[in-house]
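Chemist: Chains as they are written, first to last, in the numbering used here: chain S, 1 to 320; chain X, 1 to 320; chain W, 1 to 320; chain U, 1 to 320.
Protein chains: 4
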Amino acid sequence: MSDFNIIRLHHVSLNVTDLEKARHFYVEGLGMIETASDDKQLFLRAIDDANHHCLVLRQADQPSLHHLAYRVSSEAELAQLEELFLAEKLPLRWVEKGEEQGQGRALRIQDPQGFPVEFFCEMDRVKPLMQNFHLHRGAKIKRIDHANCLVRDIDQAYQWYTEKLGFRCSEYTVSGEAKERLWAAWLHRKPSVHDLAMIREIGPRYHHTGFWIDDAKTILDACDHLASIGYHQNIERAPGRHGTSNAFFVYVRDPDGHRTELYTGDYFTNDPDWEPIRWELNHPQRATFWGTLPPASWREEAMPVQHILSGELLDVQPPV
Amino acid sequence: MSDFNIIRLHHVSLNVTDLEKARHFYVEGLGMIETASDDKQLFLRAIDDANHHCLVLRQADQPSLHHLAYRVSSEAELAQLEELFLAEKLPLRWVEKGEEQGQGRALRIQDPQGFPVEFFCEMDRVKPLMQNFHLHRGAKIKRIDHANCLVRDIDQAYQWYTEKLGFRCSEYTVSGEAKERLWAAWLHRKPSVHDLAMIREIGPRYHHTGFWIDDAKTILDACDHLASIGYHQNIERAPGRHGTSNAFFVYVRDPDGHRTELYTGDYFTNDPDWEPIRWELNHPQRATFWGTLPPASWREEAMPVQHILSGELLDVQPPV
Amino acid sequence: MSDFNIIRLHHVSLNVTDLEKARHFYVEGLGMIETASDDKQLFLRAIDDANHHCLVLRQADQPSLHHLAYRVSSEAELAQLEELFLAEKLPLRWVEKGEEQGQGRALRIQDPQGFPVEFFCEMDRVKPLMQNFHLHRGAKIKRIDHANCLVRDIDQAYQWYTEKLGFRCSEYTVSGEAKERLWAAWLHRKPSVHDLAMIREIGPRYHHTGFWIDDAKTILDACDHLASIGYHQNIERAPGRHGTSNAFFVYVRDPDGHRTELYTGDYFTNDPDWEPIRWELNHPQRATFWGTLPPASWREEAMPVQHILSGELLDVQPPV
Amino acid sequence: MSDFNIIRLHHVSLNVTDLEKARHFYVEGLGMIETASDDKQLFLRAIDDANHHCLVLRQADQPSLHHLAYRVSSEAELAQLEELFLAEKLPLRWVEKGEEQGQGRALRIQDPQGFPVEFFCEMDRVKPLMQNFHLHRGAKIKRIDHANCLVRDIDQAYQWYTEKLGFRCSEYTVSGEAKERLWAAWLHRKPSVHDLAMIREIGPRYHHTGFWIDDAKTILDACDHLASIGYHQNIERAPGRHGTSNAFFVYVRDPDGHRTELYTGDYFTNDPDWEPIRWELNHPQRATFWGTLPPASWREEAMPVQHILSGELLDVQPPV
């Protein structure tokens, strides 16, 4: 196993079809903080963030995932990652310093399952608003937590992220009775439940971005806030506790359908003898510990992903 | 308008088919406190209660509503109520002191819509457990709040309760476009949103009992507690905020299907110029302010009610 | 006992020495909503309020209590109250409709302990902001709850409010061992712990106004908000639970020293057999159920009260 | 700088003078879970814990700190640590597997400031009670978070932990005007605010153990629970938010005076460009963001620490 020091999922970049509508949703609705913007893009951060952005919105013709970005502990690791990716013959390009505003140079690839993924180390610093409580609004998002991806070949994806990139598994779900197989996995670099969740599905598609909120009450307050400014139809999945991850959640969707999980409550996963928690797909408390099933849209709808070189949206295919 | 001093909805009596299963749900699950019991009945109270019971469970062959009970401010009012009910030619009987354990004499009627309703003043006192926080368990129910009844003729029911018994209306829902008509009403005696909600439906059927919880977080904790002891399938309707009443809620069902609302958050309704809040049936935020619809079972299922004299369950009929 | 239908404590009017500083504290700090103002006065309301104001701030040379106001259920009761007060030979005057902006005519007296008290029925209606959650700010105050007064002769005050005006007692504190005497009482008209608390002290002085908040978490959020905009020195008494009243609280002081209690968690007190809860003054959990003592300023400092006719501040004297 | 992979502060071992009284406080009061015990010692764990203990209580003649324990990622690191400690000529001994029940072999030292500190990797696994919500009681402690030590020479301590053991600094406090010097530091291995806080004081003394709670409301519930079973005098410092660390806290003391912080709300500290937050000792919001000062006992009282070889309690001396 390699041991690149990937710190954590650091930001997500989404293509949206109406930047002003998106701004209203994320800034007025979710309360994210605008660091910079022009007529093509918007750089947002969360309350605890000491860097330029954890969410980038880009004006585009169709909504899709532009890229996920992981932060590494030093510039030197980018060169090592490049070596690995070249050996793997993955689509790859260097993003020069400043090409993504506020960010140092970055290595961008299409991962083996087709996801656009970026690795970088440097980003402009900003003053966190942690103790400027009067500026905490909407969902009072503290920081980005994880990305959830629908992959065609989860066995390959699991192996690649754990063996090549040093992700560890906190929980996983299996399906099938006669012959059991992996259905989903929660992988992490920071010592939480996940930086990256992957589910065996029609793919590649991007399911949601999870953001950390301090507590369940604040998530309920976020629902009230969203509903009172007209976003009640954007609250897709009612508040509940996940069986897997044990987190309390609500899911909301932006005007393009990009899905955000407001999330709180995971646990420490870095002890050396941690054993991943195993769930069976048909466990009645897996999806929601309280028994409620997610709505059909949550199970069925997800976003296409963009190619890092061509800019085309990748075709989606059934799981292998 | 008469002006009997009905204080509030005080307790509910339910017929259950397995007293031990019911005891486990209400005591171990919801954390209600057992005041007294024998092999046929169980008297439960809530944390703030200074009297013998706010919920009575009775062993029976079929689940149903045995009766709702309102407390009046003095014994003298019972005689005045009898006079009214006799004039109305309603089925009526006196329940002698002690016939319902811990309770003084009571006047029991079948109301014009068919609901078994009791009026009483005296009940044995007990020490409230308000500040015995170590004994607060499960849903940490503080007190009973309201009863929700499905009535065939809501215009009649509304008129009777407001004009004959002095209930006031806090909120109401109308349906229909060309010709608007009353669909539901929230009526109160104590200065909250309601002691009695009524909905135009197949009736008479009993929909749920609402209990007061201190705050939304405690309701979420109750879900965790219920789900961890195997009652996840009993959580029928996920947590949310009602448009009507503005309360935060979750709905759970006991082993017989009796429905309980864990409820928090209403407002003061006794100012002299209070104007009832009007909702249209098709308002997307009426049922849930956050947009989610209740599940089919919540909309369709409710309990039959028992006749106070014959003990028979009343036939249910479509709304008029 | 008379039976005037006093509904509840409805608003408080305070004299402040710098209206702009006071506005910043109550509007930006506590999040109260401005209904109307001019250069001499400011009318504020809370989230649930359906009427013009629950707090009036008036520019004055010295900070003091201008008056407390109780709402009655009809205009007719004002005449009955006048009759009582004339018989009692209390200082009295009619406040004409509109003299206090937004309010109908009112009867203002100096109560036997020297407090300026007003009774009124009519007030302009406004739309409550209950479900405009995006406009809930600061302490998210829902409504006024109670007034706390320091009186020289508590036996007289208790007798007058309970026997002449129909207040009921929910809790009380006694002091002394050989010969026990009343030290404090919590009196209510609405069915909560109190509309009016009175403590035997140097008086007449006004101790604080209590406002209702939905839950304890919101009170903690209010502290964060106040502290982040520079009001940390205004948080006088740290969050805790009262033994008496069982409420969760924090106390804050405005720029003039007027004290506000952010308060949540009382209970229903209108059952006919409610027996007041008795506390001994030296019970270690009386003031704070968690054992902490209030700071000296909380115990020692309070506001003078104004005469309704002369406008002079009343001399304060030791308790009798 | 060395780079031993110390994972986190893992457990604390305290000497108590009455094991039964201590058991009642930690199990009935704080809700910790008993894994094992005999008449001399008690092994407790928290809700999320997947290992044998995070707190050990040992019967002794005098209360003191027995040792702090850090977990490392592999057995191999223990040998490297031994090499370092031998070079530093620190008092050292190996604790054989099982000498501390449930734990593999451990290396125990007296650190340069005199604190008894243990390093280990292996510990018996247990099933976490994370989703057994019905077994969560008292303070609902999820896991241990940090230790707070009073050291005589903070410059030496800071240098040793950061340079020799690879701790990083999240926040620090400086005192003095003409010549500024370090007064306190928050050091971490896991990516939170701290595993180890150190304050320049009379030392060596142990100030408190911090345990992680999910949210502020649960900490308030813990106060209610403790106070209702007679531990109101054990609540030493009222709930508040720290300036430093930004955490919400309450401090309680066990029957021997060992101090526990119930703690929630820190932030992610492992980004490569994290810059420690600087506080001045006289900042009015440093100790409590809301302005309240800690009580004298909190500032002045702390526990002696035991020598790992002699078992004697170390003399305490003024800071250098």
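For glycine and all other residues, C-beta sits at the position ideal for the given N, C-alpha and C. These numbers come from a predicted model, not from an experiment.
Return the Cβ separation of T244(S) and R286(S) in integer angstroms, given the expectation that the two are a contact with Cβ distance under 8 Å.
Modeler: Right, the Cβ-Cβ distance comes to about 6 Å (below 8 Å), so this counts as a contact.
Chemist: Should the region 60 to 74 of chain X be regarded as contacting the region 2 to 16 of chain X, the criterion being three or more beta carbon pairs within less than 8 Å?
Modeler: Taking 8 Å as the limit for Cβ pairs, the verdict is that the region 2 to 16 of chain X does touch the region 60 to 74 of chain X.
Chemist: Using only CA atoms, which one of L84(U), I213(U), A296(U), T288(U) lies nearest to Y161(U)?
Modeler: Taking only the C-alpha atoms, the option nearest Y161(U) is L84(U).
Chemist: Using the beta-carbon of each residue, which ones in chain W are nearer than 7 Å to D224(S)?
Modeler: The contacting residues are F133.
Chemist: At a threshold of 7 Å, does T17(W) count as lining the ligand GTP (C-beta to nearest heavy atom)?
Modeler: In terms of ligand content, the structure shown is empty, and the ligand GTP therefore cannot be addressed.
Chemist: Hey, could you find the ends of the alpha helix (DSSP H) Q156(W) is sitting in?
Modeler: 154 to 159 is the span of the alpha helix (DSSP H), which, as asked, contains Q156(W).
Chemist: Excluding the five sequence neighbours on either side, which residues of its own chain have a C-beta within less than 7 Å of the C-beta of R137(X), listed in chain order?
Modeler: Excluding positions up to five away in sequence, the list reads G31.
Chemist: Might you give, ordered along the chain, the residues of its own chain that have their beta carbon closer than 8 Å to the beta carbon of T292(W), omitting 5 neighbours on each side?
Modeler: Contacts found: A238, G240.
Chemist: Given a cut-off of 8 Å, decide if P319(U) and I202(U) are closer than it, judged by their beta-carbon atoms.
Modeler: Cβ distance < 8 Å, so I202(U) and P319(U) count as in contact.
Chemist: Return the chain-ordered list of same chain residues with a C-beta closer than 7 Å to the C-beta of S228(U), the five sequence neighbours on each side being excluded.
Modeler: Here the set comprises nothing.
Chemist: Near G48(S), which residues of its chain fall below 7 Å by C-beta distance, leaving aside the five closest residues on each side in sequence?
Modeler: Here residue 48(S) turns out to be Asp, not Gly, going by the sequence shown. Excluding residues within five positions, the ones whose Cβ falls inside 7 Å are P128, M130, K142, R143.
Chemist: Ordered along the chain, which non-local residues of its own chain (more than five positions away) have a Cβ less than 6 Å from that of E180(S)?
Modeler: Taken in chain order, the residues that qualify are V174.
Chemist: Kindly indicate the opening and closing residues of the alpha helix (DSSP H) around S297(X).
Modeler: Here the alpha helix (DSSP H) through S297(X) covers 296 to 300.
Chemist: Contact criterion: CB-CB distance below 8 Å. Does Q285(U) meet it with respect to chain W?
Modeler: Chain W, which has a Cβ nearer than 8 Å to the Cβ of Q285(U), makes this yes.
Chemist: The alpha helix (DSSP H) spanning L42(S) covers which residue range?
Modeler: Per DSSP, L42(S) belongs to no alpha helix (DSSP H); it is in the beta strand (DSSP E), 41 to 45.
Chemist: Determine which residues of the region 263 to 275 of chain W have a Cβ less than 7 Å from any Cβ of chain X, and write them out in chain order.
Modeler: From the region 263 to 275 of chain W, only G265, Y267, F268, N270, D271, P272, D273, W274 have a Cβ closer than 7 Å to chain X.
Chemist: Assign K217(X) to one of three DSSP states: helix, strand, or coil.
Modeler: In the structure shown, K217(X) sits in a helix (DSSP, three-state: H, G or I).
Chemist: Check the Cβ of R241(U) against every Cβ in chain W and list those closer than 9 Å, keeping chain order.
Modeler: In chain order: L220, C223, D224, A227.
Chemist: Span of the beta strand (DSSP E) holding L84(S)?
Modeler: Careful: L84(S) lies outside any beta strand (DSSP E), inside the alpha helix (DSSP H) at 75 to 87.
Chemist: So which residues on chain W does D215(X) lean against when the C-beta distance must stay under 9 Å?
Modeler: Within chain W, the residues near D215(X) are D214, D215, A216, K217, T218, T264, G265.
Chemist: I think D18(U) touches P276(U), with their Cβ atoms under 8 Å apart; what is that distance to the nearest whole Å?
Modeler: Incorrect: roughly 41 Å between the Cβ atoms, too far for contact.
Chemist: Taking Cβ-Cβ distances shorter than 8 Å, what residues in chain S pair up with A50(U)?
Modeler: Per Cβ cutoff of 8 Å: D271, D273, W274, E275.
Chemist: At the 8 Å Cβ level, is G291(U) part of the contact set with chain W, yes or no?
Modeler: Chain W contact via Cβ: present.
Chemist: Kindly list the residues whose CB is nearer than 7 Å to the CB of R253(X), restricted to its own chain and excluding five residues on each side of it in sequence; keep chain order.
Modeler: N234, E236, R259.
Chemist: For a contact defined as C-beta to C-beta under 7 Å, what are the partners of S326(U) on chain S?
Modeler: Since the first and last residues shown for chain U are 1 and 320, residue 326(U) lies out of range.
Chemist: Within 10 angstroms of the Cβ of V305(W), are there 16 or more other Cβ atoms? Answer buried if so, exposed if not.
Modeler: Per the 10 Å Cβ criterion, buried.
Chemist: What ranges does the beta strand (DSSP E) occupy inside the region 226 to 258 of chain X, keeping only unbroken runs of at least 3 residues that lie completely in it?
Modeler: Complete beta strand (DSSP E) runs here, min 3: 235 to 241, 248 to 253.
Chemist: Check for me: the alpha helix (DSSP H) holding Q189(W) runs from which residue to which?
Modeler: It is worth fixing the name first, because residue 189(W) is Arg in this sequence and not Gln. Looking at the DSSP string, R189(W) is not in any alpha helix (DSSP H), and its letter there is neither H nor E.
Chemist: What number of angstroms, rounded off, separates the C-alpha of F120(X) from the C-alpha of H208(S)?
Modeler: C-alpha separation (whole angstroms): 56 Å.
Chemist: If you measure from the beta carbon of A238(W) to each beta carbon in chain U, is any gap under 8 Å?
Modeler: Judged by the 8 Å Cβ criterion, A238(W) is in contact with chain U.
Chemist: Let me make sure I understand the geometry here. Which of F211(X), P191(X), D39(X), Y251(X) has the alpha-carbon closest to that of Q55(X)?
Modeler: The amino acid at residue 55(X) is misidentified as Gln; the sequence shows Leu. For the residues F211(X), P191(X), D39(X), Y251(X), the minimum Cα distance to L55(X) belongs to F211(X).
Chemist: Note the first and the last residue of the continuous alpha helix (DSSP H) segment covering L19(U).
Modeler: Note, L19(U): alpha helix (DSSP H), 19 to 23.
Chemist: Is DSSP giving D145(U) helix, strand or coil here?
Modeler: D145(U) falls in the strand class under three-state DSSP.
Chemist: Where do the N-terminal and C-terminal ends of the beta strand (DSSP E) with G210(S) fall, by residue?
Modeler: It spans 205 to 212 - the beta strand (DSSP E) in which G210(S) sits, taken as one unbroken run.
Chemist: Could you tell me the boundaries of the beta strand (DSSP E) in which L321(X) lies?
Modeler: Limits of chain X in this structure are 1 at one end and 320 at the other, which puts residue 321(X) out of reach.
Chemist: Is it true that the CB of K97(X) sits closer than 8 Å to the CB of N270(W)?
Modeler: Contact: no.
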